[in-house]
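Numbered per the numbering used here, the sequence shown spans residues 17 to 303.
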Amino acid sequence: MDKTTTGWLNGFLGVLIFSGSLPATRAAVMDFDPVFLTVARAAIAGVLAACLLVVFRQPKPTRTDLVSLAIVAFGVVLGFPLLTALALKHVTSAHSIVFVGLLPLATAVFGVLRGGERPRPAFWLFSCLGSALVAGFALTQGFSASPVGDLLMLAAIIVCGLGYAEGASLSRRLGGWQVICWALVLSLPVMLGIGLFTTAPAIEMINRSAWAGLAYVSVFSMLIGFVFWYRGLALGGVAGVGQLQLLQPFFGLALAAALLQEPVSGAMLAVTGAIVLCVAGAKKFAK
Numbered sequence: 017m018d019k020t021t022t023g024w025l026n027g028f029l030g031v032l033i034f035s036g037s038l039p040a041t042r043a044a045v046m047d048f049d050p051v052f053l054t055v056a057r058a059a060i061a062g063v064l065a066a067c068l069l070v071v072f073r074q075p076k077p078t079r080t081d082l083v084s085l086a087i088v089a090f091g092v093v094l095g096f097p098l099l100t101a102l103a104l105k106h107v108t109s110a111h112s113i114v115f116v117g118l119l120p121l122a123t124a125v126f127g128v129l130r131g132g133e134r135p136r137p138a139f140w141l142f143s144c145l146g147s148a149l150v151a152g153f154a155l156t157q158g159f160s161a162s163p164v165g166d167l168l169m170l171a172a173i174i175v176c177g178l179g180y181a182e183g184a185s186l187s188r189r190l191g192g193w194q195v196i197c198w199a200l201v202l203s204l205p206v207m208l209g210i211g212l213f214t215t216a217p218a219i220e221m222i223n224r225s226a227w228a229g230l231a232y233v234s235v236f237s238m239l240i241g242f243v244f245w246y247r248g249l250a251l252g253g254v255a256g257v258g259q260l261q262l263l264q265p266f267f268g269l270a271l272a273a274a275l276l277q278e279p280v281s282g283a284m285l286a287v288t289g290a291i292v293l294c295v296a297g298a299k300k301f302a303k
């Protein structure tokens, strides 16, 4: 198997793993406080990441890499998990997955900003159209009933796109799995500090589904998924492999319906499909 094919396979596995993140988070926040959940998942993954770095004797990142690692940590270790956990206290995971349709576009935009590229006008046309579809869906599906949840999801997509783009750039120097491991280790003291001010729920009050959700987002969403994802970006190329994110909303909606029995309306599917087309068009004209 050549390097490009290996990259696409790793990227696909990463997207498949990430697709379960929102349904798992939704299950976890039923019993866990969103802040505690964010701290717990990052701390568990951080300890595992530190063990991997020690076992494989990875060299420490340079000082110039620390800023990029801090951005990655802010985007995908703290920002996206916390904002989505807070959002999922107000909206269903099926509703939130529609917003994930904008994640490839957010990644592309930050990739353009970081790389200094000059996309053609058609890129911005598709970008604005996709954003309008998300806003229109939120308005017609009850934005007024839960503006907080929708705004939190939009913020989560923005910071996650930043973290993805920065991590993809950094993976060329540090390696794919090393990026997320160092980002987790770097954020571990902060997470433990925040943990001192959060209260863990009583163990007897936590359902099995919440424990399963915590385990999934800690081990798979925070660590294993990124191992495949950043390795895929490094081997197959950011522009190509990054388009695999277009599959994430479809996988996520299927999981939300199958595991959480959440309703997936025709409007959700239609909007998700339209967003995918807009993101694909924006990708085509990004260079």
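We put the beta carbon where it would ideally sit given N, CA and C, even for glycine. No experiment lies behind these values; they were computed from the predicted model shown.
Hey, out of the options, whose CA is closest to residue i's CA?
i, options, result
"G127", "S112, G27, Y180 and A250", "Y180"
"A56", "P217, A272, F266 and L285", "P217"
"V295", "A272, P265 and L68", "P265"
"L204", "A273, N26, S237 and A58", "A58"
"L16", "S143, M207 and A272", "Outside the shown range of the chain (17 to 303) lies residue 16, about which nothing can therefore be said."
"V114", "G165, D18 and F28", "G165"
"K76", "V201, L269, G252 and L239", "V201"
"S84", "A270, A273, S225 and Q194", "Q194"
"N26", "L275, G192 and M284", "G192"
"L262", "F72, R130 and F28", "F28"
"A122", "G252, R73, F96 and A110", "F96"
"A43", "L190, A274 and V116", "A274"
"S109", "L168, R224 and T21", "L168"
"K300", "Q259, M284 and F267", "Q259"
To the nearest angstrom, how far is the alpha carbon of residue i from that of residue j?
i, j, result
"V88", "V175", "9 Å"
"D49", "F213", "12 Å"
"F244", "T156", "37 Å"
"T100", "M46", "13 Å"
"V292", "A298", "10 Å"
"M1", "V125", "No information on residue 1 is available, as it lies outside the stretch 17 to 303 that the chain covers here."
"F153", "G91", "25 Å"
"G36", "F242", "13 Å"
"G211", "V107", "25 Å"
"R247", "V235", "17 Å"
"L7", "V257", "For the chain, the structure presents residues 17 to 303; residue 7 sits outside this window and is missing."
"I196", "L271", "25 Å"
"A40", "A199", "22 Å"
"S112", "K105", "11 Å"
"K19", "E278", "39 Å"
"P163", "A290", "22 Å"
"P135", "L145", "16 Å"
"F52", "M284", "30 Å"
"Y232", "L129", "33 Å"
"L32", "G209", "32 Å"
"L251", "M17", "12 Å"
"A148", "A228", "35 Å"
With residue i as the anchor, note down where its alpha helix (DSSP H) starts and where it stops.
i, result
"D18", "Unbroken run through D18: none, as it is neither H nor E."
"R57", "P50 to V71"
"A40", "S37 to A44"
"P265", "Q264 to L276"
"A184", "P163 to L190"
"L85", "R79 to V88"
"F301", "Neither: F301 is in no alpha helix (DSSP H) and is coded neither H nor E."
"L94", "No alpha helix (DSSP H) holds L94; DSSP gives it neither H nor E."
For chain D, is any of its Cβ atoms less than 9 Å away from the one on residue i?
i, result
"Y232", "Chain labels in this structure do not include chain D; a single protein chain is all it has."
When you measure from the CB of residue i to every non-hydrogen atom of the ligand MG, does any distance come out below 8 Å?
i, result
"W24", "In the structure shown, the ligand MG is absent, as is every other ligand, since no ligand is present at all."
Restricting to runs no shorter than 4 residues, where is the alpha helix (DSSP H) found entirely within the region 114 to 149?
Assignment of alpha helix (DSSP H) within the region 114 to 149, counting only whole runs of 4 or more residues, yields 119 to 131 in chain order.
Hey, which unbroken runs of the alpha helix (DSSP H) at 4 residues or more fall wholly within the region 220 to 252?
You should have 224 to 232 and 241 to 252.
Would you call the region 132 to 147 and the region 72 to 85 touching, i.e. three or more CB-CB distances under 8 Å?
Judged by Cβ distances under 8 Å, the region 132 to 147 makes no contact with the region 72 to 85, as fewer than three pairs qualify.
Is the region 59 to 73 touching the region 177 to 192, taking contact as three or more C-beta pairs under 8 Å?
Verdict: no, contact absent.
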